[in-house]
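Residue numbers (UniProt numbering), protein chains in the order written: chain E, 1 to 320; chain R, 1 to 442.
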Amino acid sequence: METVTVTAPPLERAPAEPDTPSSAGRRGPSIRRRADRSAYLFLLPWFVGLLFTLVPFGASFYLAFTDYNLINPPQWIGLDNFVEMLNDRYLRQALQVTFTYTFVSVPLSLLAALGVALALNKGIKGLRYYRAVYYLPSLLGGSVAIVMLWRYIFGNDGIINVVLGFFGIQGPSWVSDPQYALSVLIILHIWTFGSPMVIFLAGLRQIPLMYYEAASIDGASRWRQFRSITLPLLSPIIFFNLVLALIGSLQTFTQGYIMSGGTGGPSGSTLFYNLYLYIEGFQRFDMGYASALAWLLLVIVALFTAANFLMSRFWVFYDN
Amino acid sequence: MATPHLAPGLTRRGFHHLALGAGAVTAIGATAACAVEPEETPQETGSGPVELNFVWWGDAARAEVTEAALDIYREAHPDVTITTEYQDSTPYKDKLATRIAAGDAPDLMAMRRDQLREYGDRGALLDLNGVDGLDIGQIPDSAIDPWTVDGALLGVPAGLNTIGFIVQTTVLDEYGIDLPDGDTWTWDDLKVFADSITAASGGAVYGTGFEVATVANLYVYVRQQGEDLYTEDGALGASVATMQGWFDMIGAMRESGGFPPAGFFEDVGGGAEASYTAQGKLASEIIPTNNFKAYNEACGGTLALLRIPSESTAERRGQSIDCPHLWSIAADSPNQAAAADLLNFLTNDLSAWQAMMTTRGVPPNSEVAQELMGDLPEDDVTASEYLLGLAEEDLPPAFADPVGATEVQSLLADISTEVEFERVTAADGAQQFVDEANAVLG
Numbered sequence: 001m002e003t004v005t006v007t008a009p010p011l012e013r014a015p016a017e018p019d020t021p022s023s024a025g026r027r028g029p030s031i032r033r034r035a036d037r038s039a040y041l042f043l044l045p046w047f048v049g050l051l052f053t054l055v056p057f058g059a060s061f062y063l064a065f066t067d068y069n070l071i072n073p074p075q076w077i078g079l080d081n082f083v084e085m086l087n088d089r090y091l092r093q094a095l096q097v098t099f100t101y102t103f104v105s106v107p108l109s110l111l112a113a114l115g116v117a118l119a120l121n122k123g124i125k126g127l128r129y130y131r132a133v134y135y136l137p138s139l140l141g142g143s144v145a146i147v148m149l150w151r152y153i154f155g156n157d158g159i160i161n162v163v164l165g166f167f168g169i170q171g172p173s174w175v176s177d178p179q180y181a182l183s184v185l186i187i188l189h190i191w192t193f194g195s196p197m198v199i200f201l202a203g204l205r206q207i208p209l210m211y212y213e214a215a216s217i218d219g220a221s222r223w224r225q226f227r228s229i230t231l232p233l234l235s236p237i238i239f240f241n242l243v244l245a246l247i248g249s250l251q252t253f254t255q256g257y258i259m260s261g262g263t264g265g266p267s268g269s270t271l272f273y274n275l276y277l278y279i280e281g282f283q284r285f286d287m288g289y290a291s292a293l294a295w296l297l298l299v300i301v302a303l304f305t306a307a308n309f310l311m312s313r314f315w316v317f318y319d320n
Numbered sequence: 001m002a003t004p005h006l007a008p009g010l011t012r013r014g015f016h017h018l019a020l021g022a023g024a025v026t027a028i029g030a031t032a033a034c035a036v037e038p039e040e041t042p043q044e045t046g047s048g049p050v051e052l053n054f055v056w057w058g059d060a061a062r063a064e065v066t067e068a069a070l071d072i073y074r075e076a077h078p079d080v081t082i083t084t085e086y087q088d089s090t091p092y093k094d095k096l097a098t099r100i101a102a103g104d105a106p107d108l109m110a111m112r113r114d115q116l117r118e119y120g121d122r123g124a125l126l127d128l129n130g131v132d133g134l135d136i137g138q139i140p141d142s143a144i145d146p147w148t149v150d151g152a153l154l155g156v157p158a159g160l161n162t163i164g165f166i167v168q169t170t171v172l173d174e175y176g177i178d179l180p181d182g183d184t185w186t187w188d189d190l191k192v193f194a195d196s197i198t199a200a201s202g203g204a205v206y207g208t209g210f211e212v213a214t215v216a217n218l219y220v221y222v223r224q225q226g227e228d229l230y231t232e233d234g235a236l237g238a239s240v241a242t243m244q245g246w247f248d249m250i251g252a253m254r255e256s257g258g259f260p261p262a263g264f265f266e267d268v269g270g271g272a273e274a275s276y277t278a279q280g281k282l283a284s285e286i287i288p289t290n291n292f293k294a295y296n297e298a299c300g301g302t303l304a305l306l307r308i309p310s311e312s313t314a315e316r317r318g319q320s321i322d323c324p325h326l327w328s329i330a331a332d333s334p335n336q337a338a339a340a341d342l343l344n345f346l347t348n349d350l351s352a353w354q355a356m357m358t359t360r361g362v363p364p365n366s367e368v369a370q371e372l373m374g375d376l377p378e379d380d381v382t383a384s385e386y387l388l389g390l391a392e393e394d395l396p397p398a399f400a401d402p403v404g405a406t407e408v409q410s411l412l413a414d415i416s417t418e419v420e421f422e423r424v425t426a427a428d429g430a431q432q433f434v435d436e437a438n439a440v441l442g
């Protein structure tokens with residue numbers, strides 16, 4: 001492992017001056033157009049993929065207004081599925097689980113990401129190594145293998161309870177007790193702070209060092225520098241990470257599915273919205289209702305994102 | 001045109017194959033003459049190269065023995081190509097739903113008892129009554145009737161099964177506790193027995209433990225109370241009092257220590273080796289009898305197999321000969337005749353059973369079951385004799401689970417957990433279960 005740092009370029013201290021943001025603005029219109037063209041070129045696969053998305057989108061919209069049991073042809077029932085949602089206690093449970101998960105794990109994982117990014121930005125030795133180590137969990141965190149592993153770690157005889165046992169504490173049944181099952185998944189989510197961290201790191205490097213130099217000449221404390229320089233200049237990045245994390249966690253599926261063996265249990269404590277949708281569609285054969293649920297989720301995600309954008313006016317600072 | 005039917009004696013199938021070979025030659029001649037429309041090979045079922053897709057759930061060991069049986073069939077039917085798939089039961093359930101929804105149903109498939117009507121009532125399964133080439137004459141009515149819904153036979157048992165109480169006798173020897181008489185013991189006896197083991201071992205081993213929300217266990221208890229979890233017409237038959245009795249009985253054992261505390265049971269996967277009895281944490285538990293051999297091997301060959309408690313004292317018998325595992329043919333399979341022929345082989349052919357043994361239970365064909373006995377390993381004989389003993393007795397009829405059973409099961413799991421962790425009383429939990437299950441099945 002250490003050899004990596006030896007053979008790597010001497011030190012990780014960032015190239016002191018990255019492109020200053022203003023340099024982009026001075027580019028001529030022709031360059032601009034060429035940039036646009038290559039942007040569309042890079043987007044091309046997405047446009048092709050969009051075709052494959054639009055058809056299921058349309059189908060799902062139609063199915064949302066039908067009674068469809070996967071086997072017999074769908075029957076048009078108008079708004080019945082949406083009316084049914086009003087009295088669906090599982091839906092309320094699913095919303096509660098998903099919101100709890102989102103509102104606890106998103107802020108905490110972003111804080112962890114920012115904290116580690118700040119620490120790594122100090123130009124410590126072996127940055128690449130640490131960056132990879134902290135980034136890795138975010139690649140694996142949503143994977144089946146890691147969730148399985150997590151289940152063993154938090155199992156009755158798992159390492160967590162063994163360690164607690166050393167201190168004479170009888171650990172609870174983390175996975176099978178409805179009181180704790182969701183918190184295990186929240187911890188798993190926080191552990192996967194790597195991808196926002198990498199983006200934060202990139203953002204921190206964009207902040208010109210001269211601001212800090214000027215501030216320290218004026219006698220500003222570290223905390224003051226952080227509040228008045230780092231946070232405002234990083235706010236677009238924080239906003240970006242927040243939007244992504246929020247959308248991602250509202251759509252959580254794998255973790256709940258694996259942890260509960262596809263049931264959302266114990267007692268609905270890990271019944272994520274998407275898991276509930278899946279159960280309705282593929283286990284209870286009510287694909288019409290599942291489609292309606294999917295559209296409700298779309299509306300919820302859209303509302304959250306819109307609210308985010310509205311609020312961003314008050315705290316996101318763009319440097320131009 | 002290589003004709004691969006080298007087997008001695010021309011079977012019906014072999015003859016069809018020969019006929020097809022001749023037909024194909026003509027077809028080639030025809031296409032050569034016109035060279036415009038490519039003639040399709042006739043895809044008539046049962047007569048010609050047929051590709052069958054056959055799926056089931058289970059582990060690698062089950063797959064191995066099933067493939068061995070299929071190889072026997074393949075040998076005799078070179079014109080039939082059989083593609084197989086298998087998964088663990090939960091992913092199998094999901095995959096089957098997806099495939100059937102996509103119009104890509106397997107020709108022959110393992111069907112869960114609790115999903116038979118979910119598919120069958122919606123017309124996804126072929127009525128196996130009077131299907132050509134499938135002989136169900138040797139299967140006792142009691143093993144066929146439950147799967148006949150509105151006159152249509154939706155599935156044939158892949159093996160007869162029931163549940164039994166396994167007891168680790170080494171634990172009894174260690175603490176000087178007597179093995180109960182499985183033919184006469186009651187739920188009260190179980191409590192005394194379990195409490196004494198936990199006490200004698202200082203809590204190192206719990207006397208007994210089983211999943212409260214496993215319907216196979218609940219079926220028996222409910223039947224003992226003179227009710228059915230699901231009635232013949234697909235309603236909920238269990239009363240609030242019965243459900244509360246079930247919760248209370250286990251709660252009392254948990255209280256006195258014979259039954260493990262809340263949260264003890266975890267779904268950590270693995271088969272018999274990972275079971276709590278094999279780990280030495282439980283002295284007894286309830287298992288499906290077709291797993292007895294695997295459990296006994298995992299537990300050092302020292303298990304006793306008892307009946308479920310109170311069978312001799314309850315209002316009526318609770319145990320039934322069950323088929324958690326049925327074979328069904330897809331209603332829209334283009335190869336129904338070939339699938340029926342394979343199903344017939346799996347059901348009635350002794351050589352198939354000699355390959356598969358009792359991985360899915362005892363052969364439903366009574367003759368085959370008798371003939372197979374001599375070939376079975378000792379543990380399988382124990383389990384089979386247990387089951388055949390039950391089969392000779394007068395047991396109340398069993399019924400297929402209604403549409404909505406899947407949802408009722410998750411309801412049961414949720415409420416059992418709530419009761420287990422004392423977030424809800426047994427009385428409230430029972431009431432809630434009955435109310436909500438009625439709403440689902442309503």
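Backbone N, C-alpha and C fix where the C-beta goes; we use that ideal spot for every residue, glycine too.
| Query | Result |
| --- | --- |
| Between the region 151–169 of chain R and the region 353–366 of chain R, can you find at least three pairs of beta-carbon atoms closer than 8 Å? | yes |
| Report back the beta-carbon spacing between R/A426 and R/F165 to the nearest angstrom; my notes put them in contact at under 8 Å. | Their Cβ separation, rounded to whole angstroms, is 23 Å, which puts R/A426 and R/F165 out of contact at 8 Å. |
| When we look at the beta-carbon of R/P261 and count the other beta-carbons within 10 Å, is it buried (16 or more) or exposed? | exposed |
| If we cut at 7 Å on Cβ distances, does R/D114 have a partner in chain E? | no |
| Under a CB-based cut-off of 7 Å, is residue 446 of chain R close to chain E? | This structure does not reach residue 446 of chain R, given that chain R is present from 1 up to 442, and the question cannot be answered. |
| For E/Q255 and chain R, any beta-carbon pair shorter than 7 Å? | no |
| Can you list the beta strand (DSSP E) stretches of 3 or more residues lying completely in the region 266–353 of chain R, in chain order? | 284–288, 303–306 and 325–329 |
| Within 10 angstroms of the Cβ of E/I186, are there 16 or more other Cβ atoms? Answer buried if so, exposed if not. | buried |
| Within its chain, find whatever has a CB closer than 6 Å to the CB of R/A298; leave out the 5 residues flanking it on each side and keep chain order. | A272, E273 and A278 |
| Is there a Cβ of chain R sitting closer than 7 Å to that of residue 322 of chain E, yes or no? | Because chain E in this structure spans residues 1 to 320, residue 322 of chain E falls outside the shown range and cannot be described. |
| Ignore the nearest five residues each way along the sequence and tell me which others in R/I72's own chain have a CB closer than 7 Å to its CB. | S351, A352 and A355 |
| Whole angstroms are fine: how far does the CA of E/L234 sit from the CA of E/D84? | Residue 84 of chain E is actually Glu in this sequence, not Asp. If you take the alpha carbons of E/E84 and E/L234, they lie about 44 Å apart. |
| Could you pull out every residue in the same chain whose Cβ sits closer than 6 Å to the Cβ of R/G182, ignoring the five residues on either side in sequence? | L306 and R307 |
| Using a Cβ-Cβ distance cut-off of 7 Å, determine whether R/T169 contacts chain E. | no |
| Listing by chain order, which chain E residues have their CB less than 7 Å from the CB of R/D414? | G265, S267 and G268 |
| With DSSP as the reference, label R/P397 as helix, strand or coil. | coil |
| Can you find the residues in the same chain that come closer than 8 Å, C-beta to C-beta, to R/F259, ignoring five residues on each side of it along the sequence? | A194, Y206, G207, T208, G209, I250 and M253 |
| Round the Cβ separation of R/D322 and R/T162 to the nearest angstrom and send it over; I've been treating them as touching at under 8 Å. | 6 Å |
| What are the complete alpha helix (DSSP H) segments, minimum 4 residues, inside the region 47–80 of chain R? | 60–76 |
| Any C-beta of chain R sitting closer than 7 Å to the C-beta of residue 397 of chain E? | Coverage of chain E is limited to positions 1 through 320, which leaves residue 397 of chain E absent and any answer about it impossible. |
| Select from the region 58–78 of chain R all residues with a C-beta closer than 9 Å to any C-beta belonging to chain E, and list them in chain order. | none |
| With burial defined as no fewer than 16 other Cβ atoms inside 10 Å of the residue's Cβ, what is the status of R/G318: buried or exposed? | buried |
| Report yes if the CB atom of E/V198 is closer than 7 Å to the CB atom of E/Y135, and no otherwise. | yes |
| What does a CB cutoff of less than 7 Å around E/Y212 pick up in its chain, not counting 5 residues either side in sequence? | Q225 and I229 |
| If you compare alpha carbons, which of E/G264, E/I300, E/L298 and E/L44 is closest to E/Q283? | E/G264 |
| Does the separation of the CB atoms of E/A181 and E/P266 fall below 7 Å? | yes |
| My output table needs one value for R/A158: the three-state DSSP class, helix, strand or coil. | coil |
| Answer with buried or exposed for R/I139, where buried requires no fewer than 16 other C-beta atoms within 10 angstroms of its C-beta. | buried |
| When you compare the CB of R/S410 with every CB in chain E, is at least one pair closer than 7 Å? | yes |
| Under a three-way DSSP split, which group does E/G58 fall into? | helix |
| Is there a Cβ from chain E that is less than 7 Å from the Cβ of R/T90? | yes |
| Kindly list, in the order they appear in chain R, the residues whose Cβ is closer than 7 Å to that of E/F52. | Within 7 Å Cβ-Cβ: nothing; E/F52 doesn't reach chain R, min ~16 Å. |
| I'd like to know whether the C-beta of R/G263 is nearer than 7 Å to at least one C-beta of chain E. | yes |
| For R/P146, which residues of its own chain have a beta-carbon under 6 Å away from its beta-carbon, when the five flanking residues on both sides are left out? | A398, F399 and A400 |
| Tell me whether E/L70 sits in a helix, a strand or coil according to DSSP, three-state version. | coil |
| Under 8 Å, CB to CB, which of the residues in the region 306–335 of chain R have a partner in chain E? | none |
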